[in-house]
Each structure stands twice: as structure tokens, then as C-alpha cells.
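Last residue of the sequence shown: number 711 in my numbering, and the count goes up by one each step with no gaps. Beta carbons are placed, not taken as given, at the ideal position from N, Cα and C, and that holds for glycine. Some notes on the structure that comes next.
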Amino acid sequence: MRKIYFQLFSLVLTAVSVAQSPITLTSANFPGSGDTLRYTNAQVSSVGNYTQTGANYTWNYTGLVYNSQGRRDFKAAIQTPYAFFFFGASEYGEKIADTIQAGPLTITNYYNYYKKQTSPINAYIADGIGMTFSSVPVPSYFSDKDELYTFPLTYGDYDSTTFKFSTPTTTALPFRYIKTGYRVTIVDGWGSITTPYGTATCIRLLTTQYSKDTIKYNAFSFGFPNYQRSYQWLTATDKIPYLEVTGALTGANFTPNTVRYRDTYQNPAGVHENTDISAMEMYPNPGKDKLWLNFTRKGQFLVEVLGLDGKLIKGGNFDSANIGQSIDITELSPALYVIKVTEKQKAYYYKFIKE
357 MRKIYFQLFS
367 LVLTAVSVAQ
377 SPITLTSANF
387 PGSGDTLRYT
397 NAQVSSVGNY
407 TQTGANYTWN
417 YTGLVYNSQG
427 RRDFKAAIQT
437 PYAFFFFGAS
447 EYGEKIADTI
457 QAGPLTITNY
467 YNYYKKQTSP
477 INAYIADGIG
487 MTFSSVPVPS
497 YFSDKDELYT
507 FPLTYGDYDS
517 TTFKFSTPTT
527 TALPFRYIKT
537 GYRVTIVDGW
547 GSITTPYGTA
557 TCIRLLTTQY
567 SKDTIKYNAF
577 SFGFPNYQRS
587 YQWLTATDKI
597 PYLEVTGALT
607 GANFTPNTVR
617 YRDTYQNPAG
627 VHENTDISAM
637 EMYPNPGKDK
647 LWLNFTRKGQ
657 FLVEVLGLDG
667 KLIKGGNFDS
677 ANIGQSIDIT
687 ELSPALYVIK
697 VTEKQKAYYY
707 KFIKE
């Protein structure tokens, strides 16, 4: 919670263009109880240069390749499994995972709890964590809140805040989880960003969590550094990042493992993917050079590659009696495609990704 630096760069950033100016965000621009926000996970390799930034900058990420979709649901605390503990009217929770494997331990029903506060620091905070161990609920508050965003938030802000979390110490449970550290956040750019979702005015934020996590189980205790970095493009209307690139930080080396952008529900090519694989299997998916086909029953098949607009790209006839059959996909651009398999009068649809 202790705020070490703030708006460090404000005096040196006065030469911003007078024709345009960066947006300023408040708590109203971030998620609240009842919000349901959808996003698309993109292939990490498709993001390109995510470190580039500056004042009045234009970011273009139209080349992001669809991988999957997800949804963030922010529920009133009373609607979550840990309502008996987090019952404040201003608190709300988000389910992060059904199951987390932490060494020899299995943690289930993992929730983060958030709150918008104005004192002692005007911030959007991680207020607590709820988890279940061996069927026993283990909710707890941060003893030193984790300020995820401090307000007002605008270009040039530079903050460092501390945090500390620990599950209760009790003889009823042989398990304890402790998380302590600090977060450094800098708003290092502003301008406009374009993704497959659209174009928006934004600020660019870089936040790094330096944490030591400790797990105690019976007589055993092990701790490990948990350094995480996130590049975020924030807008005034989308509540979650318009684009976010996250990953682990080891020394000075950052390795992104997740790229996701704000989106609406997508049904590629307007078709329902066939989940009955009795007609055909294909691999590898994602693929680069060849898409190998394995027909799982006898017959003649027409196999076609379609773009997301439904346009035919290529196709051919295949006989299940032949082995080692494939489609050459080397000339395809990296993207999501649809495979249409026609057997007599019946059509099947499958999705695949060209890397």
C-alpha cells in the first residue's frame, strides 16, 4: 500500500503536442460489480513489437492471430463462494482458476477480490484472495493492499507500491500461502491503438510485480521469486486492457506467454465447429507447412480450406483408402482458417491455425 513514487515524470513531459493530449483515467473507467467483459487470446508470435511506445503514438496490431476467446466476470462478493468472508457492498470477485497446482498441493476455486477505494490512496486494488484447500475454504484479505492502478492515471505517472498477503495461520490447516513484494508502474505512452477489435484512443502502461511467494505445508516450506510483467493499452470505455501482453521476468529477460485483446463474441466464418471427429482428424494444429489428414471411416471426401469470410482458398478430393494424405498450407498467411469436409450430402467444419 505504501506509495513510494508518483508522477515522477510530470515536470519533464510538458512538451506534449498541443493539438492532442493524453486521456486521464479514474476508477469509473475500470471494472465494477456485474461487469462481463469478453476478450480474445491471440497467438503470442503474432503480436510483433510490443515494447514500442511514445507520446501521440500510433500502435497497429491488426495482424494479431485469433487463438481462443475468454470472458471476465466480476461478481458481487455475495454471489461468490466466499461471501461469508467478503461481504462488503463495495467488494467484488473474479474467478481466476478452477484448479491450481502448487508443487504437491492442489488449490481449487481460486478467486481474486477487488475494490475501488479513495483512501488512503485513490486506487483500484486487489483486496483479497479466496481459495479452497482439501475442501476447506481459505479466504483472506491483503494486509497491505495491492494497488493495481492509482488515480488519476495518465501519461507520465510513475508509481511503486508494496503489497502483502497471507492465508490464516491455524492448526486446522497444514497449509499456508504468503505473498509479499512491490509493484512498479509507469505510463510510458499515449495515442491510438488498432487491433482486430477496432481503433481507440489509449494510454500505454507498463507494470511489473516483484514478489516472493512462499508455500508452507506441514513441516516443509519453500519460497520462490515471482516476477511478472504486463504491457497494457488502456482506454476510457473498455474497462479491461484493449490489448495486454503478459509474461514472466527473469533478470532482465521478459518472456511473454499471454497476448489478449478486448473483443466481442466471435464465431469464425459463422459456422459451428464440428465436435464429432468420426469423419476426420487433422494435425498439427497450429501448423506451418502441411496439414495431415486422417479419415476415420471409409469413403470419398471433399476437403476445402476457407477464409473467415467463407471464401474458398483451396480444396481437393480425398479417398480414405490412401494413407499419408495432407494439404499444403505453406502459402497461407498466419491466421485462423476453416476446413470444410463434405461427405456425400453432409458437411463438417473444423478450425485450424496457420502459424
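- Pairing Tyr480 with Phe386 gives a Cβ-Cβ distance under 7 Å.
- If one requires a minimum length of 3 residues, the beta strand (DSSP E) runs lying completely within the segment 491-544 are 496-506, 514-522, in chain order.
- Within the segment 373-447, there are no complete alpha helix (DSSP H) runs of at least 4 residues.
- DSSP places Ala691 within a strand segment (E or B) once states are collapsed to three.
- When the Cα atoms are used, Val601 and Lys520 turn out to be separated by approximately 25 Å.
- In this chain, the beta strand (DSSP E) harbouring Ala482 covers 479-489.
- Under the DSSP definition of a beta bridge, Glu660 partners with Gly671, Lys696.
- Under DSSP, Asp684 forms a beta bridge with Lys646.
- Under the DSSP assignment, Gly666 falls outside any beta strand (DSSP E); it carries neither an H nor an E label.
- In the structure shown, the three-state DSSP call for Ala453 is strand.
- Two segments are said to touch when three or more pairs of C-beta atoms, one from each, lie closer than 8 Å; by this definition the segment 527-543 touches the segment 557-576.
- Using a Cβ distance threshold of 7 Å, Thr464 and Thr474 do not count as a contacting pair.
- Only buried fits Pro597, as 16 or more other CB atoms lie within 10 angstroms of its CB.
- Contact between the segment 663-681 and the segment 601-613 is absent, with fewer than three C-beta pairs closer than 8 Å.
- By the Cβ test, the segment 491-504 is in contact with the segment 515-535, since at least three Cβ pairs between them sit closer than 8 Å.
- Gly603 is bridged by DSSP to Arg585, Pro612.
- By the criterion of a C-beta distance shorter than 6 Å, Gly545 is surrounded in its chain by Thr409, Gly410, Tyr413, Arg560, once the five residues flanking it on both sides are discounted.
- By the C-beta density criterion, Lys710 is buried, having at least 16 other C-beta atoms within 10 angstroms.
- For Asn465, the uninterrupted beta strand (DSSP E) segment begins and ends at 461-473.
- The beta carbons of Tyr469 and Ala453 sit no closer together than 7 Å.
- Beyond the five residues adjoining it in sequence on each side, Met487 comes within less than 6 Å, by CB distance, of Ile463, Tyr466, Val494 in the same chain, given in chain order.
- When the beta-carbon positions are compared, Ala458 and Ile571 come within less than 7 Å of each other.
- Annotated as distal: Thr527 and Pro378, with beta-carbon spacing of 7 Å or more.
- Residue state for Asp569 is assigned as strand, using DSSP reduced to three classes.
- Going by C-alpha positions, Lys644 is about 11 Å away from Ala691.
- Three or more Cβ pairs closer than 8 Å define a contact, and the segment 384-401 meets that threshold against the segment 425-444.
- Note on geometry: alpha-carbon atoms of Phe443 and Lys568 lie some 29 Å from one another.
- Taking 7 Å as the cut-off, the Cβ atoms of Pro524 and Thr382 do not count as close.
- For Glu637, the enclosing beta strand (DSSP E) begins and ends at 636-639.
- Measuring C-alpha to C-alpha distances from Thr551 to each of Val694, Ser401, Trp589 identifies Trp589 as the nearest.
- Rounded to whole angstroms, the gap between the alpha carbons of Phe651 and Val421 is 28 Å.
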